[in-house]
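Here is the structure we will look at, set down as structure tokens.
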Amino acid sequence: LTVNPAFVSEFKNGDTRRTASIIDLAGEGVTALDDFEASYKDQREYTGYAVKKYAPLCFADGTSASKEDGSGDFQISNHQDYVIIRYADVLLMAAELGSPNAQAYFDTVRKRAYTTDGQLSANYTALPATKEHIMQERRLELAFESINYWDLLRQGIDHAANKLAGNVSVFSGGSPDMVSIKADRLRATKGLSQIPYNQITLANGTLEQNPGW
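Counting in our numbering, the sequence shown tops out at residue 228, every number present.
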């Protein structure tokens, strides 16, 4: 999955979550591989960044973990566990709800992200546990875990629409392209997904299509 460069830039220097969550294809040497050119021309919406959190596991020599143990195609036999909930999520929820320990919980999550080999980064800057800072921390900490979109929606459809709308320059098939997300479209659908028509048919009219679809 491709990643918006604007989101990549939200991670500050010293935040280890950037390299833990995102593949910088040029920075990590992927673009120098012999077969990259052919793969690049076969991609859509290429930005130079990809999701690392759920990337298939492999060994140091590049051998797929799925193929090594005979479990098959990584797309259906991925060794990465799907995250349902994490301790950091619980801490940030408690901070958001106004726990007396909100600042301590907030700091715990951020300091872990800025610590390498037991050493807190010189780039770490303490922040007050305001709602704005907590929501931004959730955005970074829980990136690509199917949470951010719903975090935005629960702050109001206008907030979500304004935050998500925009244009992103990409490459599709090796040629310049543009991905556009329209705020009006998000408002029209209230951010909800389309209910498959076959499910509405099977329900004999019990289900009604979500607004805007």
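Glycine included, C-beta positions come from ideal geometry on N, C-alpha and C.
- Take the alpha-carbon of residue 171 and the one of residue 18: they are about 24 Å apart.
- For residue 34, DSSP assigns no beta-bridge partner whatsoever.
- In this structure, residue 160 keeps its C-beta atom at 8 Å or more from the C-beta atom of residue 107.
- Within the same chain, Cβ atoms closer than 8 Å to the Cβ of residue 204 are found at 225, 226, 227 and 228, the five residues on either side in sequence being excluded.
- Judged by their CB atoms, residue 55 and residue 23 are not nearer to each other than the 8 Å cut-off.
- Under the three-state reduction of DSSP, residue 104 is assigned to helix.
- For residue 39, the beta-bridge partners assigned by DSSP are 64.
- For residue 186, the enclosing beta strand (DSSP E) stretches over residues 181 to 187.
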